[in-house]
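To start, the structure under review is shown below, and the notes come after it.
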Amino acid sequence: HDQTARLWDARSGKELRRLEGHAGPVVTAAFSPDGERLLTGSLDKTAWLWEARTGKKLARLEGHEGPVVTVVFSPDGERVLTGSKDKTARLWDARTGKELRRLVGHEDWVRSAVFSRDGERVLTGSDDRTARLWDARTGTELQRLVGHKDWVRSVVFSPHGEQALTGSYDKTARLWDARTGKELRQI
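Just so we're aligned: the sequence shown equals residues 3 to 189 in the numbering used here.
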């Protein structure tokens, strides 16, 4: 809640860098796949891209109309994905910070988001009790995963992208066919 993110040495626990610039609590963060950049999301409705080595601000991602509560890099590090209380997820260019696509369709907060391993699809989870599969290039909704009775707070693709797993406040996890959207089993 101090409006900073901090980079730490994982071996010694020593603080390496303090990332300052957000105007609200920083609630989510991610490393780029190569470890060269950082991404932070805040209740101030923005996400920031940072250079990991120096802590230099690279880009401010503005456009969400609500807090940014989930952030992730694409597997190739070329795009980033943010999810927000404004019911959208957004795809951004990870070098310039330019908004590329707006993923619209959820009816409540987008709390969790992830790219498939090949970077071709996006999976989002929402407080609207659904998860959705999207085409990461066009922003088109491909499938709506319906069945949870409460907020969907965690989403992940299987390593080969054939299945999706969702976790919910309804005390269940559900496994889905990531191509057809069919529920395979409830855990």
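Each residue gets a CB set at the ideal place from its N, CA and C atoms; glycine is no exception.
- Separation of the CB atoms of R134 and G163 is rounded to 15 Å, and the pair is thereby denied contact status at 8 Å.
- G15 and K59 have their C-alpha atoms some 23 Å from each other.
- Straight-line spacing of the CA atoms in L18 and L63 works out to 24 Å.
- Contiguous alpha helix (DSSP H) elements confined to the region 71–156 do not occur, taking only those with 4 or more residues.
- With a contact defined as Cβ atoms closer than 8 Å, S114 and V148 miss out at about 16 Å.
- A direct Cα-to-Cα measurement between T30 and D88 gives close to 16 Å.
- Sixteen is the threshold: when 16 or more other Cβ atoms of the shown chains lie within 10 Å of the Cβ of K47, as they do, the residue is buried.
- Residue burial annotation: A25 is exposed, with fewer than 16 other C-beta atoms found within 10 angstroms of its C-beta.
- In this structure A49 is in contact with T42, their Cβ atoms being roughly 6 Å apart against a cut-off of 8 Å.
- Per DSSP, the unbroken beta strand (DSSP E) holding T30 starts and ends at 28–33.
- Non-local C-beta neighbours of T174 in its own chain, meaning closer than 6 Å and more than five positions away in sequence, comprise Q188, ordered along the chain.
- Shown here, T6 sits in a strand according to DSSP, grouped into three states.
- Take the alpha-carbon of R176 and the one of W111: they are about 20 Å apart.
- The beta carbons of L51 and V70 sit no closer together than 9 Å.
- Across the set D95, Q165, V106, G85, the C-alpha of D95 shows the shortest separation from the C-alpha of D78.
- For K59, the uninterrupted beta strand (DSSP E) run begins and ends at 59–64, by DSSP.
- The alpha-carbon of G65 is positioned some 15 Å away from that of T72.
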